[in-house]
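K.L.:
Sending over a structure as structure tokens; questions will come in a sec.
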Amino acid sequence: MPVILTTRALSDRFTQARQQKPLSWQISPFNPVYRRSKYGKGNCFLVALVCCLGTPTIKITEEYYMAWFLICVGILLSGYFTYGKFVEKVFGPMPERPTPATTSADGVDYVPMSNKKIYLIQLLNIAGLGPIFGPILGALYGPVAMLWIVIGCIFAGAVHDYFSGMLSVRSNGGSVPNVVGEQLGVIARHFMNIFAVILLLLVGIVFVLGPAKLLANLADMGVTFWVAVIFAYYIIATIVPIDKIIGRFYPFFGALLLFMSIGLVIGLAVSDHSFYSQGLNFADNLHPTDLPLWPLLFITIACGAVSGFHATQSPLMARCMQNESAGRFIFYGAMIGEGVIALIWCTLGLSFYDNTEALNATLASGGPAAVVHEVSTSLLGSVGGVLAVLGVIVLPITSGDTAFRSARLIVADFLKLPQQVMSRRLLIAVPMFIIGFIVSKAEFGVIWRYFGWANQTTAMIMLWAAAAYLAKEGKLHWICTIPAAFMTAVTITYLANATIGFNLPMQISTVLGIGATVVALVAFLWKFKAASRVSLQTDL
């Protein structure tokens with residue numbers, strides 16, 4: 080007669096077994112089989128199932144902790160082939176429709192490129208410091224951060240990126256203010272013109288200071304020197320045609336990124352460090368200073384889950400894409416790739432250090448850059464560590480240059496100033512870099528907090544714009560409306576509670592966040608009430 084174990088009984092069995100000797104099951108990406116233990120074959124599958132559901136009390140062996148990481152990566156990849164396909168079907172790409180790369184080719188910003196090259200550029204554009212620094216900071220909250228990365232990436236971030244890119248294609252390569260304005264009105268357009276430029280300046284500054292600190296750790300020349308060097312590169316990359324630097328050198332940077340990501344996971348697997356040193360406890364907030372998980376986790380981990388910065392980058396590649404059918408691969412797929420990077424660094428933060436207190440101590444001494452340097456050099460040695468750190472440096476630099484490029488294009492669109500002539504590009508770019516250099520002298524932590532809120536607020540607005548488009552078209556808008564409503568609650572609650580905002584108590588802030596979300600949702604449904612009744616069956 081089979082024995083049915085409760086979750087608590089199963090946990091007790093594993094606790095007892097771990098005290099006696101390690102379990103004998105072995106799971107790896109190269110040998111996905113196991114040796115039967117005394118607890119039976121059926122219980123093995125039950126353990127795997129319960130682990131996937133996130134039960135916080137189970138004690139499992141190192142192989143199963145590694146399997147959890149692989150399961151998360153597998154879920155992200157399967158999300159691309161399943162939910163991504165569903166989102167694509169709802170939108171309805173038209174392969175026969177001409178794209179801006181052919182109808183508006185100018186040899187500077189509208190330049191046709193291959194899908195593989197565009198995908199790689201899109202991934203490097205969006206994967207700045209966010210999917211590294213954010214997950215490292217998010218790891219302080221414990222394994223629950225991984226759940227947000229997986230769920231947020233599939234159902235919010237990748238959806239956001241797909242629509243920001245495809246709506247730009249439909250808007251002749253229009254920047255995010257134009258896309259938002261077409262769906263939400265003139266007031267929203269003007270607001271986003273200002274807000275997006277501010278966000279992009281913050282992004283550019285953050286993505287200067289981060290790599291400058293990492294380079295200063297590798298070569299003792301001082302942060303100020305490296306800031307100047309990076310700004311000089313940004314000026315060049317912002318004004319030259321997109322295929323001269325960005326399109327030519329990014330494949331090499333992509334190889335460096337690939338080495339960094341895979342190399343660090345393998346390094347962790349063969350090291351003395353255990354995967355998830357504090358276990359897979361999803362129920363508790365493990366932050367060493369007791370910072371609240373809501374809403375901070377959803378602000379801290381932006382890139383890798385959902386990020387409004389991506390809405391400013393997608394139009395760059397929308398101007399180079401030659402067929403609408405490539406949208407899922409380029410936009411949705413690049414976000415899934417960034418989610419994998421975020422998972423890797425969240426896992427490293429939860430595994431390399433014995434507990435969140437130890438991780439926090441390293442962060443206190445040198446910030447996320449110190450964690451990157453320590454983890455990379457420890458797991459891959461001096462040479463491999465330097466290459467891994469260079470891979471991390473590449474990410475923000477390849478996002479920072481396109482951030483300033485996007486800001487230039489947004490300002491140019493607003494001023495209706497064509498950008499074929501170099502002097503007109505310099506007219507916009509030079510003042511932006513002067514402002515950026517001045518702001519870069521401010522305290523990094525303050526800049527990062529403003530960037531975090533502005534980033535997620537942009538994502539929220541873009542999701543509402545995408546929902547409005549679907550509602551107008553009589554399509555299933557809920558795939559965008561639900562994440563838009565969630566991000567509304569997150570951003571309003573954070574603004575009300577944070578010291579950079581109104582500094583209100585968390586309870587009051589949460590009420591305000593939920594209240595604002597309800598008002599926004601009711602207003603949206605009222606405006607698009609006819610379309611909101613369209614069912615999934617009718618849509619498909």
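80 is the number of the first residue of the sequence shown in the numbering used here; add one for each residue after it. Beta carbons are placed, not taken as given, at the ideal position from N, Cα and C, and that holds for glycine.
#1: Considering only the beta carbon of each residue, do alanine 397 and glycine 244 sit closer than 7 Å?
#2: Alpha carbon to alpha carbon, what distance is there between leucine 604 and valine 451?
#3: What's the C-alpha gap between aspartate 363 and tyrosine 220?
#4: Given this structure, state the Cα-to-Cα distance separating glutamate 453 from cysteine 382, to the nearest angstrom.
#5: Indicate the three-state DSSP secondary structure (helix, strand or coil) for lysine 292 in the structure shown.
#6: I'd like to know whether the C-beta atoms of tyrosine 189 and isoleucine 409 end up nearer to each other than 7 Å.
#7: Keeping to the same chain, check which residues put their C-beta closer than 6 Å to that of proline 374; ignore five residues upstream and five downstream.
#8: What does the alpha-carbon distance come out to for the pair threonine 578 and isoleucine 526?
#9: Would phenylalanine 160 be called buried (16 or more neighbouring beta carbons within 10 Å of its own) or exposed?
#10: Going along the chain, which residues of its own chain have a beta-carbon closer than 7 Å to the beta-carbon of alanine 595, five neighbours each way excluded?
#11: With DSSP collapsed to three states, give me the class of histidine 239.
#12: According to DSSP, is valine 462 part of a helix, a strand, or is it coil?
#13: My guess is that aspartate 240 and methionine 414 are in contact by the Cβ rule of under 8 Å, so how many angstroms apart are they, rounded?
#14: Can you look up isoleucine 309 in the DSSP assignment and give me helix, strand or coil?
#15: In or out: leucine 294 buried (at least 16 other Cβ within 10 Å) or exposed?
#16: Residue range of the alpha helix (DSSP H) that proline 179 falls in?
#17: Using a C-beta cutoff of 7 Å, does phenylalanine 530 count as contacting chain B?
#18: Does DSSP put glutamine 392 in a helix, in a strand, or in coil?
#19: If you reduce the DSSP assignment to three classes, tell me which class threonine 94 lands in.
#20: Measure the C-alpha to C-alpha separation of phenylalanine 565 and leucine 422 and round it to an integer number of angstroms.
#21: Could you pull out every residue in the same chain whose Cβ sits closer than 6 Å to the Cβ of alanine 545, ignoring the five residues on either side in sequence?
#22: Give a yes or no on whether the C-beta atoms belonging to glutamate 417 and isoleucine 205 are separated by under 7 Å.
#23: Less than 7 Å separating the beta-carbons of valine 419 and valine 152?
#24: Just how far apart, CA to CA, sit valine 308 and glycine 464?
#25: Three-state secondary structure (DSSP) at proline 562?
#26: Answer yes if the stretch 259 to 271 comes into contact with the stretch 527 to 544, meaning at least three C-beta pairs across the two stretches below 8 Å, and no otherwise.
#27: Check for me: the alpha helix (DSSP H) holding cysteine 425 runs from which residue to which?
#28: Around the C-beta of glycine 412, are 16 or more other C-beta atoms found within 10 angstroms, so that it is buried, or is it exposed?
P.N.:
In brief:
#1: yes
#2: 45 Å
#3: 8 Å
#4: 22 Å
#5: helix
#6: no
#7: Val569, Thr572, Tyr573
#8: 13 Å
#9: exposed
#10: Thr567, Ile571
#11: helix
#12: helix
#13: 4 Å
#14: helix
#15: buried
#16: 179 to 182
#17: The structure shown contains no chain B; it holds only a single protein chain.
#18: helix
#19: The predicted position of threonine 94 is uncertain, since its pLDDT is 43 and thus under 50; no value can be drawn from it.
#20: 22 Å
#21: Phe242, Cys559
#22: yes
#23: yes
#24: 22 Å
#25: helix
#26: yes
#27: 412 to 430
#28: buried
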